[in-house]
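*Asks:* Protein chains in written order, with the numbering used here: chain Y, 15 to 193; chain S, 358 to 608. Below is a structure I'd like to ask you about.
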Amino acid sequence: MSAETAGVTAADRVWHWLEAVPDPEIPVLSVLDLGIVRDVQWNGGEADECLVTVTPTYSGCPATDVISDDISKALHEHGVQKVRVQIRLAPAWTTDWLRPQAREKLCDYGIAPPVGLASNEHVVDISRLRASNKKPLQIDCPRCGSTHTALTSQFGSTPCKSLYRCLDCLEPFDYFKCH
Amino acid sequence: MSNEKFNYLLRLGDSTLILSQRLSEWCGKGPALEEDMALANTALDLLGQARQWLSYAGETDGMGQDEDDLAYLRNADQFANFLLVERPNGSYADTMVRQFFFDAWYHLALQKLVLSKDERIAAIAGKAAKEVRYHLRRSSDLIVRLGDGTPTSRSMIQSAVDELWPFTGEMFEADAIDLAVAEAKIGFDPSSLRSDWLSYVHSVLDEATIKMPNAEAWMQRGGKQGRHTEALSYLLAEMQSLKRAHPGAAW
Chain Y
15 MSAETAGVTA ADRVWHWLEA VPDPEIPVLS VLDLGIVRDV QWNGGEADEC
65 LVTVTPTYSG CPATDVISDD ISKALHEHGV QKVRVQIRLA PAWTTDWLRP
115 QAREKLCDYG IAPPVGLASN EHVVDISRLR ASNKKPLQID CPRCGSTHTA
165 LTSQFGSTPC KSLYRCLDCL EPFDYFKCH
Chain S
358 MSNEKFNYLL RLGDSTLILS QRLSEWCGKG PALEEDMALA NTALDLLGQA
408 RQWLSYAGET DGMGQDEDDL AYLRNADQFA NFLLVERPNG SYADTMVRQF
458 FFDAWYHLAL QKLVLSKDER IAAIAGKAAK EVRYHLRRSS DLIVRLGDGT
508 PTSRSMIQSA VDELWPFTGE MFEADAIDLA VAEAKIGFDP SSLRSDWLSY
558 VHSVLDEATI KMPNAEAWMQ RGGKQGRHTE ALSYLLAEMQ SLKRAHPGAA
608 W
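Written as structure tokens, this is what we have:
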């Protein structure tokens, strides 16, 4: 899409540029795939500050600072003079905001995408802990597609992931937690 | 009000900070790689939350202190965390029981704080609530697995529960600061969480075949008011030494 197309605002151009800003932890996803960019305000003028509002995935996620820097850098490269990245906590980020294509990209990258909706995850249900009631989530292996997988650890290499293993191809893999 | 709010935010920030620091002590020493990572991840969530609570506390105070000043430059008697979270790590059973007791409280507390009239408190709580729900699910699960496990794991969980029980009462005792923030509808009266906490803890311990101690037992108190056990000073010495040895250093 060219910037001159009628009806395209300066903010639309910024959204378009943000498509190319990757998440530092999972570089196959852009910050837009993740759903963490909540708002862009810019009138395109040289003197006007471009305000990008970002929400963190997790309270302690160290990638949040890197993402802010990457966004500023990318927009500077596109000639935006003044950029400010503001952090907004509410409403809290959820994996329900992942774009549909983000799920496919995660799978291709070897990470199983979230299963179910985070909005259904509100209670701590003690019945889940009862041995007789244990119905673990079915997470498909992103490598071989097997449904025969098991949880290794509730936490993986980053706060947003947990660790699974495939009982067929025997490979360990990350699962992007429903959050 | 701003003084009560400052102290209230310190309590939230200090309990999450100190527990995070305790959990970090396990890093590289966990009983299994997966447990090691899980504790480090929990510590990271709590540290992120502590940063939010403490930076807001610093802004509320208006004395120009940021979250690092509050974390590194206060002495033990200025910390307002629960005694429970400063208890040493002990065995893995001790660490998980401490985590379970705190998670069960914090999960309920955050449900109240998301309703705070103070938008910033509600926003921090809304974010934290999702993370803590996951922590609670994990710690509850481990209590059941270890409690209803081998005779050794069961007896270790039981003694950890008995040992840490007297440190839980403080979480439900309201003082003037709690009542002031509850009155202003920015916080809540902690005694209102007690029955829900007891009932949840009871259901998990029951599932874990662990005997629940007497709810009316004598309880330790004083952490929220800055009267700590000696364990906190050692923790702070380690946590603060670098910052204090190089005042004003930054990277």
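Every residue gets a Cβ at the ideal spot worked out from N, C-alpha and C, and that includes glycine. Here the structure is a predicted model, which is why all the values come from computation and not from measurement.
Assign PRO105/Y to one of three DSSP states: helix, strand, or coil.
*Replies:* Of the three classes helix, strand and coil, the one that applies to PRO105/Y here is coil, per DSSP.
*Asks:* So, using beta-carbon positions, are ASP535/S and ASP546/S closer together than 8 Å?
*Replies:* yes
*Asks:* Less than 8 Å between the C-beta atoms of ILE40/Y and TRP107/Y, yes or no?
*Replies:* no
*Asks:* Locate the beta strand (DSSP E) running through SER372/S, then write down its first and last residues.
*Replies:* Counting along the chain, SER372/S falls outside any beta strand (DSSP E), though it belongs to the alpha helix (DSSP H) covering 359-381.
*Asks:* Using a Cβ-Cβ cut-off of 7 Å (strictly less than) and excluding sequence neighbours within five positions of ALA164/Y, which residues of its own chain qualify?
*Replies:* TYR178, ARG179, LEU181
*Asks:* Note down the Cα distance separating ALA17/Y from ASP79/Y, rounded to an integer number of angstroms.
*Replies:* Note that ALA17/Y has pLDDT 47, beneath the 50 cutoff, so the model's placement of it is unreliable and no number is given.
*Asks:* VAL22/Y and VAL66/Y look like a contact to me (Cβ under 8 Å); what is the Cβ gap, rounded to whole Å?
*Replies:* In fact, because the Cβ distance is near 18 Å, the residues do not count as touching under 8 Å.
*Asks:* When the Cα atoms are used, what is the spatial distance from HIS92/Y to SER133/Y?
*Replies:* Looking at the two C-alpha atoms, the distance is approximately 37 Å.
*Asks:* Using DSSP bridges, identify the partner residues of ARG179/Y.
*Replies:* ALA164/Y, PRO186/Y
*Asks:* Could you tell me how far apart the beta carbons of ALA479/S and LEU470/S are, in whole angstroms, since I believe they sit closer than 8 Å?
*Replies:* 7 Å
*Asks:* Determine which residues share a DSSP beta bridge with THR67/Y and list them.
*Replies:* In the DSSP assignment, THR67/Y forms a beta bridge with ASP53/Y, GLN100/Y.
*Asks:* Could you have a look at ALA126/Y and say whether DSSP puts it in helix, strand or coil?
*Replies:* strand
*Asks:* For MET394/S, go through chain Y and note every residue whose CB falls closer than 9 Å to its CB, in chain order.
*Replies:* Contact note: MET394/S reaches chain Y through SER167, PHE169, GLY170, SER171, LEU177, using a C-beta cutoff of 9 Å and chain order.
*Asks:* Hey, how far is the Cα of TYR491/S from the Cα of TRP383/S?
*Replies:* 19 Å
*Asks:* Less than 7 Å between C-beta atoms, sequence neighbours within five positions excluded: which residues of the same chain meet that for SER512/S?
*Replies:* none
*Asks:* Can you check whether the CB of GLU443/S is closer than 8 Å to the CB of LEU633/S?
*Replies:* Lying before the first or after the last residue shown, residue 633/S is absent from chain S, which here runs from 358 to 608.
*Asks:* Would you kindly work out how many angstroms separate the C-alpha atoms of GLU450/S and THR509/S, rounded to a whole number?
*Replies:* Going by the sequence as given, residue 450/S is Ala instead of Glu. Distance between the alpha carbons of ALA450/S and THR509/S is about 10 Å.
*Asks:* Looking at chain S, is there any beta carbon in it that lies within less than 8 Å of the beta carbon of LEU103/Y?
*Replies:* Under the Cβ distance rule, LEU103/Y counts among the residues neighbouring chain S, one pair being separated by less than 8 Å.
*Asks:* Can you list, in chain order, the residues of the stretch 71-105 of chain Y whose Cβ is nearer than 9 Å to any Cβ on chain S?
*Replies:* TYR72, SER73, GLY74, CYS75, PRO76, THR78, ARG102, LEU103, ALA104, PRO105
*Asks:* For VAL28/Y, does the three-state DSSP call read helix, strand or coil?
*Replies:* helix
*Asks:* So, does the CB of ARG584/S fall closer than 8 Å to a CB anywhere in chain Y?
*Replies:* no
*Asks:* For GLY405/S, would you say it is in contact with chain Y, using Cβ-to-Cβ distances shorter than 8 Å as the test?
*Replies:* yes
*Asks:* On the three-state DSSP scale, how would you describe SER44/Y?
*Replies:* strand
*Asks:* Does DSSP put PRO114/Y in a helix, a strand or coil?
*Replies:* Looking at PRO114/Y - three-state DSSP - the assignment turns out to be helix.
*Asks:* Could you confirm whether any beta carbon from chain S is found closer than 8 Å to the beta carbon of HIS14/Y?
*Replies:* Since the first residue of chain Y shown is 15 and the last is 193, residue 14/Y is not available in this structure.
*Asks:* Should GLY159/Y be labelled buried (16 or more other beta-carbon atoms within 10 Å of its own) or exposed?
*Replies:* exposed
*Asks:* Evaluate the contact criterion for the stretch 369-387 of chain S versus the stretch 169-178 of chain Y: three or more CB pairs, one atom per stretch, below 8 Å.
*Replies:* no
*Asks:* Can you find a C-beta in chain Y that's less than 8 Å from the C-beta of LEU401/S?
*Replies:* Chain Y contact via Cβ: present.
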